[in-house]
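Student:
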Ligand SMILES: *[C@@H]1O[C@H](CO)[C@@H](O)[C@H](O)[C@H]1NC(C)=O
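In this note's numbering, the protein residues as written are 10 to 432.
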């Protein structure tokens, strides 16, 4: 219902405020962006003598780009290669941001060209404040120069962070920077960070105007930075579950809530926990941005990351963000309406996520009534984590049982059954 109301509302706004409301409308992010980003795994490692394989350098991004193309990630949809903080010199030169000369010896355009030559898209990072979060030059006072630099470097994605600037001037600043990027004529996917500063980092916390976010940004970080632990995944999942009614209306083609990067392939999540993050993030219509060392990833985790059916849920063209429906015995039910719509009924992605730690798989009840689903002839159910398992049917009044492993998740797609075949 909220979705419909919101669409009506924006229709009304379009009709009545056509001349004053400026929409971002850059044609980007029709589905949540997919790719790779340096921050969660590689942070601000800048000592290339000590950590040559891990430091934020052109070599790191070129090696990741090679693997993304050569090992099937691009074919699965992961197309952005994004730099995060700690990539520039400590001072501007002639007013311009310049990359660290030792770590990016050939300059930004060289890296951008390399990434584009592989059929990938290139993203980078700035901060709207006086300095970035790690203390590198900020964009405040240099907005037009930096927007032009992004265009000159042929950047496709910008994360504009919000450290070292007062929340009271952030919103206008982000809007202004968006306009300056538009003026360059280059369509650049715009990732905004101001909600995270309003809702998490600044005291007292407050709720930003999400209508402005939709008009200004393609995606926005709502809440805290993710860390390499299941605890961090669940903390962020809790925020999205607690605030789903408020946040869901603002997600859709062109504009997405962003719970931060996927941790898969790193140190903190077990295999089961990796399934849980992937399922929750797909339900949330989250950007699928990896932040891991693709050179050392295990085959099992790689298979999860490349799971086409789960990617299809995340990238569903209806773009409706899902939510946590219920929690019973520390087993949570998450649900998201997806395509195809059959006889006016949605299909659904349904995840059962366990917060249990008692040794064996925990049995849970699986019924349409509990999911609030009503299609008279029931649904065809596909197990998204077990491609070999045959799909099965569930009808109204039926109660099936399945088991979910400790701290893991089961993930299904339910498609409405029609009587068309029988006629
Ligand atoms: C979510 O809500 C629960 C229950 O009110 C609360 O204990 C928890 O701290 C909330 N978590 C977040 C991250 O908002």
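Just so it is clear, CB atoms sit at the ideal spot from N, CA and C, and this is done for glycine as well.
(1) In the DSSP assignment, what are the bridge partners of residue 413?
(2) Which of helix, strand or coil does DSSP assign to residue 135?
(3) Does any heavy atom of ligand 1 sit closer than 6 Å to the C-beta of residue 384?
(4) In chain order, what residues place their C-beta within less than 5 Å of a heavy atom belonging to ligand 1?
(5) So the candidates are 271, 383, 387 and 362; which of them puts its Cα closest to the Cα of residue 411?
(6) From the DSSP secondary-structure annotation, give me the bridge partner or partners of residue 89.
(7) Near residue 269, which residues of its chain fall below 7 Å by C-beta distance, leaving aside the five closest residues on each side in sequence?
(8) Please identify the residue among 407, 47 and 179 whose C-alpha is closest to the C-alpha of residue 149.
(9) Specify whether the region 401–411 and the region 357–376 touch according to this definition: at least 3 beta carbon pairs, one from each stretch, less than 8 Å apart.
(10) Taking DSSP as the reference, what is the three-state secondary structure of residue 20?
(11) Which residue comes first and which comes last in the beta strand (DSSP E) that contains residue 198?
(12) Considering only C-alpha positions, which residue in the set 213, 381 and 49 is nearest to residue 93?
(13) Does residue 261 come out as helix, strand or coil in the three-state DSSP assignment?
(14) Do the region 252–268 and the region 324–335 meet, that is, are 3 or more Cβ pairs less than 8 Å apart?
(15) Identify, in the order they occur along the chain, each residue of the same chain with its Cβ nearer than 6 Å to the Cβ of residue 364, setting aside the five sequence neighbours on each side.
(16) Does the region 269–280 come into contact with the region 297–305, if we say contact requires no fewer than three beta-carbon pairs (one atom in each stretch) closer than 8 Å?
(17) Since I believe residue 227 is in contact with residue 198 (beta carbons under 8 Å), could you give me their beta-carbon distance rounded to a whole number of angstroms?
(18) Just tell me which of 123, 124 and 95 has its CA closest to the CA of residue 110.
(19) Alpha carbon to alpha carbon, what distance is there between residue 239 and residue 283?
(20) Need the endpoints of the alpha helix (DSSP H) that residue 300 sits in, please.
(21) Is it true that the CB of residue 380 sits closer than 7 Å to the CB of residue 426?
(22) Using alpha carbons as the reference points, say which of 290, 46, 314 and 349 lies closest to residue 74.
(23) Considering only the alpha carbon of each residue, which of 60, 119, 224 and 356 lies closest to residue 37?
(24) Apart from the five residues on each side of it in sequence, which residues of its chain come closer than 6 Å, Cβ to Cβ, to residue 63?
(25) Contact defined as beta carbons within less than 8 Å: I believe residue 137 pairs with residue 186. What is the distance between those atoms, to the nearest angstrom?
(26) I need the straight-line Cα distance from residue 167 to residue 132, nearest angstrom please.
(27) In terms of residues, what are the limits of the alpha helix (DSSP H) holding residue 290?
(28) Can you check whether the CB of residue 360 is closer than 7 Å to the CB of residue 418?
(29) Please work out which residues of its chain come closer than 7 Å, Cβ to Cβ, to residue 105, disregarding the five sequence neighbours upstream and downstream, and give them in chain order.
(30) Can you tell me whether residue 264 is buried or exposed, with buried defined as 16 or more other CB within 10 angstroms of its CB?
(31) Helix, strand or coil: which one does DSSP assign to residue 384?
(32) So, are the CB atoms of residue 291 and residue 319 less than 7 Å apart?
(33) Tell me which residues share the same chain as residue 113 and place their Cβ nearer than 6 Å to its Cβ, disregarding the 5 neighbours each side in the sequence.
(34) Between the beta-carbon of residue 250 and the beta-carbon of residue 193, is there less than 7 Å?
(35) What number of angstroms, rounded off, separates the C-alpha of residue 61 from the C-alpha of residue 139?
Tutor: The answer reads as follows:
(1) Sequence index remark: in the chain shown, residue 413 carries index 404 (1-based). Beta-bridge pairing links residue 413 to 371.
(2) Along the chain shown, one-based indexing puts residue 135 at 126. Reduced to three states, the DSSP call for residue 135 is strand.
(3) Against the chain shown, residue 384 aligns to sequence position 375. Result no, Cβ not under 6 Å from ligand 1.
(4) 247, 248 and 251
(5) If you number the chain shown from 1, residue 411 lands on position 402. Considering only alpha carbons, the answer is 362.
(6) Locating residue 89 in the chain shown gives position 80, where the first residue counts as 1. Paired residues: 44 and 130.
(7) Position 260 of the chain shown, counted from the first residue, corresponds to residue 269. Excluding sequence neighbours, residue 269 sits near 230, 234, 235 and 245.
(8) On the chain shown, residue 149 is found 140 positions in, with the first residue counted as 1. Of the listed residues, the one whose Cα sits closest to residue 149 is 179.
(9) yes
(10) Within the chain shown, numbered from 1, the residue matching residue 20 stands at position 11. Here the model assigns residue 20 a pLDDT of 36, short of 50, so the residue's position is not dependable, and the following value carries that caveat. If DSSP states are grouped into helix, strand and coil, residue 20 belongs with the helices.
(11) On the chain shown, position 189 is the one that residue 198 refers to. Run containing residue 198: 198–201, per the beta strand (DSSP E) assignment.
(12) In the chain shown, counting from the first residue as 1, residue 93 sits at position 84. Of 213, 381 and 49, the residue nearest in Cα terms is 49.
(13) Along the chain shown, one-based indexing puts residue 261 at 252. Residue 261: strand per DSSP, three-state reduction.
(14) yes
(15) Position 355 of the chain shown, counted from the first residue, corresponds to residue 364. Excluding positions up to five away in sequence, the list reads 339.
(16) yes
(17) Walking along the chain shown from the start, residue 198 turns up at place 189. Walking along the chain shown from the start, residue 227 turns up at place 218. Between residue 227 and residue 198 the Cβ distance is about 5 Å, and since that is below 8 Å, they are a contact.
(18) The residue given as residue 110 occupies position 101 in the chain shown. Of the listed residues, the one whose Cα sits closest to residue 110 is 95.
(19) Taking the chain shown and counting its residues from 1, one reaches residue 283 at position 274. Taking the chain shown and counting its residues from 1, one reaches residue 239 at position 230. Going by the C-alpha atoms only, they are around 9 Å apart.
(20) Against the chain shown, residue 300 aligns to sequence position 291. Neither: residue 300 is in no alpha helix (DSSP H) and is coded neither H nor E.
(21) For the purposes of this step, residue 426 is identified with residue 417 of the chain shown, where counting begins at 1. For the purposes of this step, residue 380 is identified with residue 371 of the chain shown, where counting begins at 1. No; because the gap between Cβ atoms is not below 7 Å, this pair is not in contact.
(22) Position 65 of the chain shown, counted from the start, is the residue given in the question as residue 74. Considering only alpha carbons, the answer is 46.
(23) As a working note, residue 37 is residue 28 in the chain shown. Nearest C-alpha to residue 37: 224.
(24) Indexing the chain shown from 1 puts residue 63 at position 54. 51 and 54, listed in sequence order.
(25) For the purposes of this step, residue 137 is taken as the residue at position 128 of the chain shown. For the purposes of this step, residue 186 is taken as the residue at position 177 of the chain shown. Right, the Cβ-Cβ distance comes to about 7 Å (below 8 Å), so this counts as a contact.
(26) Counting from one through the chain shown, the residue named residue 167 turns up at place 158. Counting from one through the chain shown, the residue named residue 132 turns up at place 123. For residue 167 and residue 132, the distance between alpha carbons rounds to 6 Å.
(27) Counting from 1 along the chain shown, the entry for residue 290 is found at position 281. Element bounds for residue 290: 280–292.
(28) Here residue 418 refers to the residue found at position 409 of the chain shown. Here residue 360 refers to the residue found at position 351 of the chain shown. In contact: residue 418 and residue 360 (Cβ atoms closer than 7 Å).
(29) Against the chain shown, residue 105 aligns to sequence position 96. Once the five neighbours on either side are set aside, the close Cβ partners of residue 105 are 154 and 158.
(30) One-based indexing of the chain shown puts residue 264 at position 255. Looking at its Cβ environment, which holds 16 or more other Cβ atoms inside 10 Å, residue 264 is buried.
(31) Translated into the one-based positions of the chain shown, residue 384 becomes position 375. Reduced to three states, the DSSP call for residue 384 is coil.
(32) Translated into positions along the chain shown, residue 291 becomes position 282. Translated into positions along the chain shown, residue 319 becomes position 310. In this structure, residue 319 lies closer than 7 Å to residue 291 by Cβ.
(33) For this step, residue 113 is matched to residue 104 along the chain shown. So the list reads 67, once near-sequence residues are dropped.
(34) The residue given as residue 250 occupies position 241 in the chain shown. The residue given as residue 193 occupies position 184 in the chain shown. Cβ atoms of residue 250 and residue 193: not closer than 7 Å.
(35) By one-based count along the chain shown, residue 61 stands at place 52. By one-based count along the chain shown, residue 139 stands at place 130. Cα-Cα distance, rounded: 30 Å.
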